[in-house]
Amino acid sequence: MLPEGRPWRSMCKGLILGTLLTSFMLLLYSYAAPPRHFSTTEIPVQDQCSSYPANPRHTLLPVNNSHQPVNDGRSCQPRTDVVFMKTHKTASSTILNILFRFGEKHRLKFAFPSGRNDFFYPSYFERGQVEGYQPGMCFNVICNHMRFRYLEVRQLVPPDAAFVTVLRDPALLFESSFHYFKNVVPLTWKLSGEDSMSEFLRDPWHYYDPDGINAHYLRNLLFFDLGYDNNLNSESPMVEARIHEVEARFQLVMLMEYFDESLVLLRDLLCWDLQDIVYFKLNTRRGSAISQLTPELYEKATNWNQIDSKLYRYFNATFWRKVDAYGRERMARDVEELQQENEKMKRVCIEGGQAVDPESIKESDMQPWQPLGEKNIQGYNLKNNIEKRYKRLCRKMLTPEIQYLTNLGANLWITKLWSHVRNFFGF
2 MLPEGRPWRS MCKGLILGTL LTSFMLLLYS YAAPPRHFST TEIPVQDQCS SYPANPRHTL
62 LPVNNSHQPV NDGRSCQPRT DVVFMKTHKT ASSTILNILF RFGEKHRLKF AFPSGRNDFF
122 YPSYFERGQV EGYQPGMCFN VICNHMRFRY LEVRQLVPPD AAFVTVLRDP ALLFESSFHY
182 FKNVVPLTWK LSGEDSMSEF LRDPWHYYDP DGINAHYLRN LLFFDLGYDN NLNSESPMVE
242 ARIHEVEARF QLVMLMEYFD ESLVLLRDLL CWDLQDIVYF KLNTRRGSAI SQLTPELYEK
302 ATNWNQIDSK LYRYFNATFW RKVDAYGRER MARDVEELQQ ENEKMKRVCI EGGQAVDPES
362 IKESDMQPWQ PLGEKNIQGY NLKNNIEKRY KRLCRKMLTP EIQYLTNLGA NLWITKLWSH
422 VRNFFGF
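Numbering (this note's numbering), first residue to last: 2 to 428.
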């Protein structure tokens, strides 16, 4: 006889939901080929971007004589061809919003993924993943998540396109990635409680399988995103070779910890205006969801992500050399100007002047994407009665990534279907 009060209905419901979730995840994974490793000596494919400009209304702009020069007093024309290698958990969603606004303002041509908000990550990027791609097509901006494959991306943009990316202190990135993605990495499911990250770092190899599903989120994620083997021996000469390869391919490697300085350098590289780089922080976690790393945990996380640590140290040095070339005093002035403009826009746009928890966001269009099983990513509420001249800009600056992509015409049917499934089952 069944024990009275036993929640058999809930157990069956959980089993059914679990089966549906697993099946749906397998369906999504079927759209992405298994990750492959490519040699740096890979032969470039033909059919590169051959019709520049691809569409006259999308590309080169007439010289703006009112543009204030930012390069040592010399006048320059705003650059409209940009590849932003969007790394995970590095404030890259905020940079994406800047690129979306600039591209929309100047009617640039984006290369968007087909069906999803990423280029079938974690598989390597291929041109065929671009919505509507035909051989020879040319784009101005590529900026969605991908696993980078330089020779494929290179074929889609003009020869003088700027390549930029952003890095973050690997220990802090690990903390963020661990908590954001732990529910999609099966081997971490056995970890429970508030000290799950501490337990993982106590004996990482007990919970980490290099070939496991989504394991890349747990080790050297930056190196993986950039297209390299995140499980290399950190002492391998290949690590240093890959780091130099990144340096050769990217004109600017920004640092999350020095975000404003990074944007000033980006503005200088692209010859943009101050208004082009104003921003609000997007996709941030509520403070209570962030684990404070003790010195011991910080050291363990750094050592566990040793390749990323080498990558970060190298580009930290190159970053400050760029700042020195720009001028420290000049940088300080420009950072202060940017921060003042950001504060002004907060007063103009944001109800309460700060981010709020997801349950306090009034408009569904302002609701950011949440990690599986969690609701800790904050968003914003627009002020009422915003001045007409600011109303459109405020909404764009506060619009989360998925909604902005939809507004720009990206086809996100897989992402939207997954969102409906999650909402229906309460994930």
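Just so you know, even glycine gets a beta-carbon here, dropped at the ideal spot from N, CA and C.
Margin query: So, with DSSP's three-state summary, where would you put residue 255?
Written below: strand
Check: Are the beta-carbon atoms of residue 141 and residue 97 separated by less than 8 Å?
Finding: At the C-beta level, residue 141 and residue 97 stay beyond 8 Å of one another.
Next item on the list: Whole angstroms is fine: what's the gap from residue 169's alpha carbon to residue 199's?
Entry: 20 Å
Next item on the list: Please work out which residues of its chain come closer than 7 Å, Cβ to Cβ, to residue 336, disregarding the five sequence neighbours upstream and downstream, and give them in chain order.
Entry: 261, 262, 265
Checklist line | Limits of the alpha helix (DSSP H) - the one that residue 349 falls within | finding: 329 to 350
Next item on the list: Grab the span of the beta strand (DSSP E) containing residue 400 for me, first residue to last.
Entry: Counting along the chain, residue 400 falls outside any beta strand (DSSP E), and DSSP gives it neither H nor E.
Next item on the list: Determine the extent of the beta strand (DSSP E) in which residue 166 is found, giving its start and end residues.
Entry: 163 to 168
Margin query: If you measure between the beta carbons of residue 153 and residue 176, is that distance less than 8 Å?
Written below: no
Next item on the list: Report yes if the C-beta distance between residue 231 and residue 221 is below 8 Å; otherwise report no.
Entry: Taking 8 Å as the Cβ cut-off, residue 231 and residue 221 qualify as a contacting pair.
Checklist line | As assigned by DSSP and simplified to three states, the class of residue 217 | finding: helix
Note to self: Determine whether the beta carbon atoms of residue 226 and residue 113 lie at a separation below 8 Å.
What the structure shows: no
Notebook entry, point to check: So is the beta-carbon of residue 396 under 7 Å away from any non-hydrogen atom of the ligand GDP?
Noted result: With respect to the ligand GDP, the structure offers nothing, as it holds no ligand at all.
Check: Leaving out the 5 sequence neighbours to the left and right, which residues in its chain are closer than 8 Å to residue 303 when beta-carbon positions are compared?
Finding: 171, 172, 310
Next item on the list: Determine the contact status of residue 210 and residue 192, defining contact as a CB-CB distance below 8 Å.
Entry: no
Note to self: Need the endpoints of the beta strand (DSSP E) that residue 86 sits in, please.
What the structure shows: 83 to 86
Check: Can you give the Cα-Cα distance for residue 201 and residue 305, rounded to whole angstroms?
Finding: Looking at the backbone, the Cα of residue 201 and that of residue 305 are separated by about 10 Å.
Item checked: Limits of the unbroken alpha helix (DSSP H) element including residue 177 -> 171 to 182
Note to self: Tell me which residues share the same chain as residue 243 and place their Cβ nearer than 6 Å to its Cβ, disregarding the 5 neighbours each side in the sequence.
What the structure shows: Excluding residues within five positions, the ones whose Cβ falls inside 6 Å are 229.
Note to self: Quick check: the Cα distance between residue 401 and residue 196, rounded to an integer number of angstroms?
What the structure shows: 30 Å
Margin query: Among the candidates 300, 115, 379, 328, whose CA atom is the shortest distance from the CA of residue 414?
Written below: 115
Note to self: With a threshold of 8 Å, are at least 3 pairs of Cβ atoms found where one atom belongs to the region 344 to 352 and the other to the region 389 to 399?
What the structure shows: The region 344 to 352 vs the region 389 to 399: in contact.
Notebook entry, point to check: DSSP state of residue 245, grouped into three classes?
Noted result: It is helical.
Notebook entry, point to check: Taking DSSP as the reference, what is the three-state secondary structure of residue 142?
Noted result: strand
Notebook entry, point to check: Would you say the region 120 to 135 touches the region 316 to 336, given that touching needs at least three Cβ pairs under 8 Å?
Noted result: no
Check: With 16 other CB atoms within 10 Å as the buried threshold, where does residue 174 fall?
Finding: buried
Margin query: Quick check on residue 325: buried or exposed, where buried means 16 or more other Cβ atoms within 10 Å of its Cβ?
Written below: exposed
Check: Residues in its own chain within less than 8 Å of residue 90 by CB, not counting five upstream and five downstream?
Finding: 169, 174, 177, 178, 181, 222
Item checked: Residue span of the alpha helix (DSSP H) that contains residue 154, given as start and end -> 151 to 155
Next item on the list: Could you pull out every residue in the same chain whose Cβ sits closer than 8 Å to the Cβ of residue 250, ignoring the five residues on either side in sequence?
Entry: 151, 164
Checklist line | Backbone CA spacing between residue 206 and residue 76 [nearest angstrom] | finding: Using only the alpha carbons, I get a separation of about 55 Å.
Notebook entry, point to check: Whose C-beta lies closer than 7 Å to the C-beta of residue 67 among residues of the same chain, with five residues either side of it excluded?
Noted result: Its pLDDT being 36, under 50, residue 67 is placed unreliably by the model, and nothing is read from it.
Next item on the list: Could you check the C-alpha separation between residue 203 and residue 88 for me, to the nearest Å?
Entry: 26 Å
Check: Alpha carbon to alpha carbon, what distance is there between residue 396 and residue 253?
Finding: 29 Å
Check: What residue from 237, 239, 241, 183 has the CA that sits closest to residue 213's CA?
Finding: 183
Checklist line | Whole-number beta carbon distance between residue 111 and residue 409, since they are thought to touch under 8 Å | finding: Beta-carbon to beta-carbon, residue 409 and residue 111 are separated by about 6 Å, close enough to satisfy the 8 Å threshold.
Check: Whose CA, out of 106, 94, 95, lies closest to the CA of residue 81?
Finding: 106
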